[in-house]
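Counting from 1, position 96 in the sequence shown corresponds to residue 96 in UniProt numbering; the numbering is continuous, with no gaps. Structure first, then comments.
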Amino acid sequence: HEIPGIPQVEVEVESMDKAGNFIGWLHIEGVNLSVALVEQALSRVHFTAERSPYCKALLAAQDAAKQRKEKVWSHYEETPVEEVVPVLEEKERTANYKPVFVTEITDDLHFYVQDVETGAQLEKLMENMRAEVGAHPPVEGSFVPRRGDFCIAKFVDGEWYRARVEKVESGGKVHIFYIDYGNKETLPPSRLAPLPPAFSPRVLPPQATEYTFAFIQVPQDVSTGGLLLSPHTWAPTVIPDLEPPPCVLPMDPNPGT
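Take a look at the structure:
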């Protein structure tokens, strides 16, 4: 029975072991003392409370105490929520094959190719360019080479080809790159001339595209390197009787992955 002036205390036993030890709850005047202590930031919720019917009340009281940052939560700092970045499944690689002509192979196993599909455009451009140069021969010394300039260069076969100046050395040495074939050469300025605007890369982009073999490392030992790879430079002109057959090059749709 109730005793006037004395708080009503109720003990709720939740479980008991064989030795008589029990886990339970203390209610004072109908208030769960554990929930009250947590709510007043005087206690923390133990993980075993997850199995208790008062778990939700305890966690709600603890969250409220954390927000006030009082007593046991005075130094509480919220853990930043990590942004979950969805992981995209890697799709199976699909190869897109295209026919090309290999025009140049370098010592480090890089190679340059021409697209067979645009071969007719290049052939027509070269024919028109040589006709114009033949009708209006360049004046020797009229072209002052500068690095990055596009020009035309006279190859060993006596024909003119589109090129780009890569380096100018003292003593009249000009390093050029044949933009439609991929090979390089060092020439005197007398064998260079301005590139007519009608045949610039804006009209037809450079046709030599550089590639390299995947998963292959060139040996650094020069004593064995020469046995494995002999330097070979192709002329930038294609002789009809000796024109090599095109090869098929797989084009990776996801380069760098």
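Don't be surprised by glycine CBs; every beta carbon is placed ideally from N, CA and C. All values derive from a computational prediction rather than experimental measurement.
Annotation for Q114: the continuous beta strand (DSSP E) segment containing it runs H110 to D115.
The straight-line gap separating the alpha-carbon atoms of Q8 and E83 is approximately 50 Å.
By the neighbour-count definition (other C-beta atoms within 10 Å, threshold 16), A131 is an exposed residue. In the structure shown, the three-state DSSP call for G24 is strand. About 5 Å separates the CB atoms of I179 and R162; that is less than 8 Å, so the two are in contact.
For F155, the three-state secondary structure derived from DSSP is coil. In the same chain as A208, and ignoring 5 residues on each side of it, the C-beta atoms closer than 8 Å to its own belong to T103, E104, Y112, V113, Q114, Y178, I179, D180, Y181 and G182, in chain order. Contact check for E12 and G24: beta-carbon distance about 5 Å, within the 8 Å limit, so the pair qualifies.
Annotation for L42: no beta strand (DSSP E) segment contains it, and DSSP assigns it neither H nor E.
With fewer than 16 other beta carbons inside 10 angstroms of its own, F22 counts as exposed. Residue pairing by DSSP places T209 opposite V113 in a beta bridge. If the five residues before and after L125 are omitted, its C-beta is found closer than 8 Å to the C-beta atoms of F199, V203 and L204, all from its own chain and listed in chain order. Look at T118 here: in three-state DSSP terms it is helix. Around the C-beta of C151, 16 or more other C-beta atoms lie within 10 Å, and the residue is accordingly described as buried.
DSSP, reduced to helix, strand and coil, places N96 within a strand of the structure shown. With a 10 Å radius around the Cβ and a threshold of 16 neighbouring Cβ atoms, M16 comes out exposed. Taking C-beta atoms under 8 Å as the contact rule, L58 and S34 qualify, at a distance of about 7 Å. The three-state secondary structure of E50, taken from DSSP, is helix. Counted as a single uninterrupted DSSP element, the beta strand (DSSP E) harbouring L192 occupies residues L192 to P194. Collapsing the DSSP output to three states places F199 in a helix. For C55 against A61, the beta-carbon gap comes to about 11 Å, at or over 8 Å, which does not count as contact.
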